[in-house]
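I have placed the structure first, in the form of structure tokens, so that the comments after it can refer back to it.
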Amino acid sequence: MLWLVFADFIPWNINSFYLLLFLSLHSLFCHQCTGEEIWVDSRTVYIGHKEPPPGAEAYIPQRYPDNRIVSSKYTFWNFIPKNLFEQFRRIANFYFLLIFLVQLIIDTPTSPVTSGLPLFFVITVTAIKQGYEDWLRHKADCSINECPVDVVQQGNVARTQSHKLRVGDIVMVREDETFPCDLIFLSSSRDDGTCYVTTTSLDGESSHKTYYAVPDTMAFKTEQEVDSLHATIECEQPQPDLYKFVGRINIYKDKEEPVSRTLGAENLLLRGATLKNTKHIYAVAVYTGMETKMALNYQSKSQKRSAVEKSMNAFLIVYLCILISKALINTVLKYAWQWLPDRDEPWYNHRTENERQRHVVIRAFTDFLAFMVLFNYIIPVSMYVTVEMQKFLGSYFITWDEEMFDEELGQGAQVNTSDLNEELGQVEYVFTDKTGTLTENNMEFIECCVDGNVYIPHAICNGQILSAASSIDMIDSSPGGYRRYEDLFFRALCLCHTVQVKEEETVDGIKRGIHQGKPTSFYISSSPDEVALVEGMKRLGYTYLRLKDNYMEILNKDDEIERFELLHVLNFDSVRRRMSVIVKSISGEYLLFCKGADSSIFPRVVSGKVEQVKAHVEQNAVEGLRTLCVAYRRLSESEYLEACHYLTEAKLALQDREHRLAQAYDVIERDLVLLGATAVEDRLQEKAADTIESLHKAGIKVWVLTGDKMETAAATCYASKLFRRSTQILELTKKRTKEQSLHDVLFELNRTVIRQRSMSGGFRPWELQRDLSRNMSMILEAHVGIGIMGKEGRQAARNSDYAIPKFKHLKKMLLVHGHYYYIRIAELVQYFFYKNVCFIFPQFLYQFFCGFSQQPLYDTAYLTLYNISFTSLPILLYSLVEQHVTIDALKRDPSLYRDIAKNSLLRWPVFLYWTCLGVFDAVIFFFGAYFLFDNTTFTSNGQMFGNWTFGTLIFTVLVFTVTLKLALDTRHWTWINHFVIWGSLLFYVIFSLLWGGIIWPFLNYQRMYYVFMQMLSSGPAWLSIILLITVSLLPDVIKKVLCRAICPTATERAQVGPL
Amino acid sequence: MLASSYKDEDGHISVSGSGAAAAAGGGSLRNKKPENTAFKQQRLPAWQPILTAGTVLPAFFIIGLIFIPIGIGLYVTSNNIKEIEIDYTGVDMSSPCFNCSQNFSWNSTKSCTCSIPFQLDQPYESNVFMYYGLSNFYQNHRRYVKSRDDSQLNGNEESLRSPSKECEPYARHDNKPIAPCGAIANSMFNDTLELFYNDPNGTKVQVPLTATEIAWWTDKHVKFRNPGGEGSDLAAAFQGTTKPVNWRRPVYELDSDPNNNGFINEDFIVWMRTAALPTFRKLYRIIQRRNNLLPTLPRGNYTLEVVYNYPVRSFEGRKRMILSTISWMGGKNPFLGIAYITVGSICFLLGIVLLIIHHKYGNRNNGADVSH
């Protein structure tokens, strides 16, 4: 999936900035690599729905979907059934549904309401939320599907709605409009048949890309002309790769042979991209609606699951086993106990005739199910809701964080998915892109070396560019050197690029004025390096003016305009790691200029001062500068024609075009003459070093992925404190030409790393390199993707799970927010299981004293409301606001992060402790009440209590104990905590008073009538409640105190430490 | 799912998975600085207690110091309570009730009586409470517990005529609804216990037993009501119903006192409050103290006269009669006092252990903190 090469080359186009946080490496390697989709089928598009001339081909009308985008999942009619189906596909919901159905069908100890009500609540809340989200999607779909589109019909422009577009329609798109579907570019308002497009919302690159109209149609300037076009397009069936398109256009002219032209990705305007700097274009729709590349791309976003969720599911399975074994044990014991008929049916307690006639196996099975129902509360229905609410509400703290707000960008942190909050506290590996993530992606031309002589534009002062268009000062380190290459070098840099000149400030591209003081025009490029180079050239006296009618104009040092005809651009790609242009000078010379990574240039160089330049490049690289080598080749007429031939042939190929292009490039770019090298600086972001150091201390391994030269990368790493002086660097430079997944490479590295670790105990970052076009999938594959909202590319920020304005914010994001979320959710999960053990285990014990008859210990209301209201709010609040260590302490001491590494709070021993504590408490509750109740009077008037008082006593102790246990765990008592904890206890008391205070007319039993009040009127009941609560809490307090006293963790030390 | 991350024209995320609102919030956050409130910045003022040996120590000592005296008080109180239990099941051949327990039949109209002599070694001061106790009787069996109709017992006419399904198989008999229906009512305890004091001069004096205030006030006055309202003819109100199968008399003949008859008969109400455990006791009668100078039950010999109706031997049950005095903390129950003393002592001991630990480790930790 990800194509990585690690070696040294310059990534021209890597513009999206993000960090990938991997929790553990091993899980990476089990992913399946999905194969590339292969073009198997083709489609024929009739432009303007015109049939081809009779001779050419049979006209086969084809059916394509309309241009309607459907992102909503439900319609008004199918919402309820489909949503219910979706919800019950979740295993937990299905389980509760089963329990509910069992309760409905058989005679169970508890009424169906006890599980039906919470389930109904959960399902309704989720349905409302999903319904609302879907409604939003409907609205978004609607606004998109109904947005106006200009279609050329019968030579006129007609306005229609986007969803009415059909394949074959000719569309007119104006400046700053978004393409309504995937289009083949026919003609443009620009004379050269190009248009500029930003694909920000597709791949995050905000730079302007140039697209080319089909050469034969670019002359059509009016609707009528365009409408007169008679052509068909053959192209592949839709596939999601944004950068691949293969097709052919056949243009029929009157009584002439049809003309065939190949179409490539440069002709295909993608839905979602925006037209820039071009008044209008005409294009024909080839892929519509759900078949557009954008739609295909968004279909494969997989759900990420956090480590906490995995632990939670594991715990659930354990509890399910406990539940089943409890039910089994009780069923078996029941039948063993009932062996005597006088126990089974004593004279005072007969079965009904129906029951008696039932077969014993059926009875046993029903009993088993009844026990399941009785104990089913051990699996907390409300846990899922609480966890989701915690995640959803908790994520607001990230967006609210003022410290993560960047004034410059005017943005704070963003949360795109709240499912992974706690995962921020579990990060083990940070994979960061260097350019734009660690660095500012604000390139600055520093110096160049021509033929061994160094040139520095002196106008750079403290990183600020002074107005220096006219004053150039060259510092020549070797005076007297012959400067035969100087002119060529500067021209090479002025010509060999894909920079566009943008007049006026209308877009948020790279902004830098060409003219002195007045920012009236800008250079725009997909690569900031190129902009820096062209600007550097400007400061050295050579100004690139524009590309006009295929002529590039340069204002040279002597203020003369030089014109070069641009013949071919051999675009950059990550395999070659270089780009070239072929130009023809006024004098008729054919020149090939090539620039690229040193490793890709030097082998192809035949002459020039290679050694000197090489030395200089190395030196620059050590200083952390990004280096490029420049070379040229003079082509003879015949050589040029040969090159032309190669290129055209390759470009026209329908299949295997890329491979053939690469071969052609390889043949053309050889026998170069080295001109020199350039150095561009990309400064580190502020506090990047501090952040990386903190992450290191936190035990996070930081990997920097970069395409820079080894030395540049190393220098950056030193500067960012990723490497220390003592770090011994193991260089691992390999060249890989075939596609390989990130997983393979990481796997290989992982082994190396393990070896390395055993040797030195240290862990080193590695330079990796990845294919430039696959940014998004990388973010999607990480456990947590954090995007950095750089100057460009907001897409990375959007596709990520979280987005932060600057790299430095990562520190707070992980060390503070991540840490908090983790401890909060860990406590939430453990506590939920604990409180349900406390809740259900007494019921289990009670079965031994009620003849295994499934008699519930607690009243139905208590069974239902225990998880919903009596004990839900305190833990929810705890999981939202708890701060076991202060924010400042977490920031001051990053090593605290190690305390929670590797899911430490949710590991089996911890889980076992909580479960044992729960069982212990349950035993205390039950037997405490048992011995107190045993055959004695509880009141001062001699009256006796019944089984419901017994249950209520246990329940009261239970509610108080679990709430106070949480209070003991709470370390951050804000007024809200006080309010919720004491409030929920008070609520329990008030509810009980009310529940028992009235004869409820709608109930068919009044068993709780005055039970709670009678209990409170008894002195011994008060005393035993206090006693039992104390005893239940004692072990946990002792454990806490002893652990803290004998072997305190770093966190515990930080708690008592000076604040 | 396409839906999860569909982008609209402006490139803003319109909806995204479960964090939709958060994402949308983030999207519109542009140029909007988060509010600097203590809550949003998670900087609310907070009390931050830590459970260290030092802070917990005093709590332990205080708990110890409070619990031990309470425990001693409870224990002493419990010990001062006088209680006697007499098993009159008649399992042994030698037992006076042996014959009665052997010749049991629900249909016999002739009641079997037996009398058991017993001795009180100490005089029972103040009110004495008389209980009957049953063992191995599962009043908390689920089938049994639910086998009642609270609506019928509350005087609802409709439920009287058609008892709840829960009462099955004790809902109807001879095509007539049973009142009161259900297994609990059907198995109501129907032994009659009478107490005689054998005066040293040889006369047998019956000890007066009161049957009022043995049930909860709320049960007697609110939860249980006769059909037909106050003062009406009970027999008429229960017209068309039949007595529970095991009963000898219909419900409207339980007592001659109209305020203690029908559903509001206190013995009935007491029985209807199902016990929590298979061995239980229920309040039967109260022996009111009459004379401030004399003990309620003086020392001496007594006879318990039992009209033996209630069969328990089929399920190996036991029947007991219990006489007990009551303190503010109820009946005799040494467990609570012992538990309090134990927990108090444990806390006290732990306090001492923690004190040692605090001295031993506390300094070390502080040292570590300083070096840290």
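Protein sequence lines correspond, in order, to chains A and B.
First residue of the first sequence: 1, per the UniProt record's numbering; consecutive thereafter.
First residue of the second sequence: 1, per the UniProt record's numbering; consecutive thereafter.
Even glycine gets a Cβ: it sits at the ideal position worked out from N, Cα and C.
Leaving out the 5 sequence neighbours to the left and right, which residues in its chain are closer than 8 Å to residue i when beta-carbon positions are compared?
{"i": "Y665(A)", "result": "L570, R576, S580"}
{"i": "I475(A)", "result": "Because I475(A) carries a pLDDT of 41, less than 50, the predicted location of this residue cannot be relied on, and the following value inherits that uncertainty. Closer than 8 Å at Cβ, skipping near neighbours: V454, Y455, I456, H458."}
{"i": "F118(B)", "result": "I84, I86, N301, Y302, T303, L304"}
{"i": "N136(B)", "result": "P278, T279, V312, F315, E316, G317, R318"}
From residue i to residue j, what does the alpha carbon distance come to, in whole angstroms?
{"i": "L104(A)", "j": "I379(A)", "result": "19 Å"}
{"i": "P34(B)", "j": "E403(A)", "result": "9 Å"}
{"i": "T1051(A)", "j": "K73(A)", "result": "45 Å"}
{"i": "Q855(A)", "j": "L865(A)", "result": "18 Å"}
{"i": "P278(B)", "j": "Y252(B)", "result": "29 Å"}
{"i": "I981(A)", "j": "K965(A)", "result": "11 Å"}
{"i": "F315(A)", "j": "N330(A)", "result": "22 Å"}
{"i": "D921(A)", "j": "H809(A)", "result": "43 Å"}
{"i": "L814(A)", "j": "L424(A)", "result": "5 Å"}
{"i": "P208(B)", "j": "N291(B)", "result": "13 Å"}
{"i": "T952(A)", "j": "T871(A)", "result": "16 Å"}
Hey, could you find the ends of the alpha helix (DSSP H) residue i is sitting in?
{"i": "I1046(A)", "result": "1019-1046"}
{"i": "Q130(A)", "result": "112-145"}
{"i": "F564(A)", "result": "No alpha helix (DSSP H) contains F564(A), which is instead part of the beta strand (DSSP E) from 561-573."}
{"i": "E827(A)", "result": "819-847"}
{"i": "K697(A)", "result": "688-697"}
May I ask which residues mark the beginning and end of the beta strand (DSSP E) holding residue i?
{"i": "G608(A)", "result": "From DSSP, G608(A) is part of no beta strand (DSSP E); its letter is neither H nor E."}
{"i": "S321(B)", "result": "Per the sequence shown, the amino acid found at residue 321(B) is Met instead of Ser. That run of the beta strand (DSSP E) goes 318-325."}
{"i": "Q119(B)", "result": "112-120"}
{"i": "C629(A)", "result": "626-635"}
{"i": "N313(A)", "result": "First-last for N313(A): 307-337, but that is the alpha helix (DSSP H), not the beta strand (DSSP E)."}
{"i": "R683(A)", "result": "672-684"}
{"i": "F185(A)", "result": "182-188"}
{"i": "A597(A)", "result": "From DSSP, A597(A) is part of no beta strand (DSSP E); its letter is neither H nor E."}
{"i": "H280(A)", "result": "280-287"}
{"i": "F39(B)", "result": "It is not in any beta strand (DSSP E) - F39(B) carries neither H nor E in the DSSP assignment."}
Say whether chain A places a C-beta atom closer than 8 Å to the C-beta of residue i.
{"i": "Q48(B)", "result": "yes"}
{"i": "T279(B)", "result": "yes"}
{"i": "T296(B)", "result": "no"}
{"i": "Y138(B)", "result": "yes"}
{"i": "G262(B)", "result": "no"}
{"i": "S94(B)", "result": "no"}
Measuring only between beta-carbons, confirm whether residue i sits less than 8 Å from chain B.
{"i": "N78(A)", "result": "no"}
{"i": "E402(A)", "result": "yes"}
{"i": "L1027(A)", "result": "yes"}
{"i": "V385(A)", "result": "no"}
{"i": "F787(A)", "result": "The sequence shown places Gly at residue 787(A), rather than the Phe named in the question. No, because no Cβ of chain B sits closer than 8 Å to the Cβ of G787(A)."}
{"i": "P65(A)", "result": "no"}
{"i": "H783(A)", "result": "no"}
Keeping to the same chain, check which residues put their C-beta closer than 6 Å to that of residue i; ignore five residues upstream and five downstream.
{"i": "Y590(A)", "result": "K584, L635, Y640"}
Using a Cβ-Cβ cutoff of less than 7 Å, which residues in the same chain neighbour residue i once the five nearest sequence positions on both sides are dropped?
{"i": "D744(A)", "result": "For D744(A), the predicted model reports a pLDDT of 48, less than 50, meaning its position is unreliable; a value from the coordinates is still stated below. Taken in chain order, the list of residues that qualify is empty."}
{"i": "L57(B)", "result": "G351, L354, L355, H358"}
{"i": "residue 1066(A)", "result": "Past the edges of chain A, shown from 1 to 1059, lies residue 1066(A), and the structure says nothing about it."}
Any heavy atom of the ligand MG within a distance shorter than 7 Å of the CB on residue i?
{"i": "G596(A)", "result": "The ligand MG is not part of this structure, which contains no ligands at all."}
Do the segment 686-695 of chain A and the segment 619-635 of chain A meet, that is, are 3 or more Cβ pairs less than 8 Å apart? no
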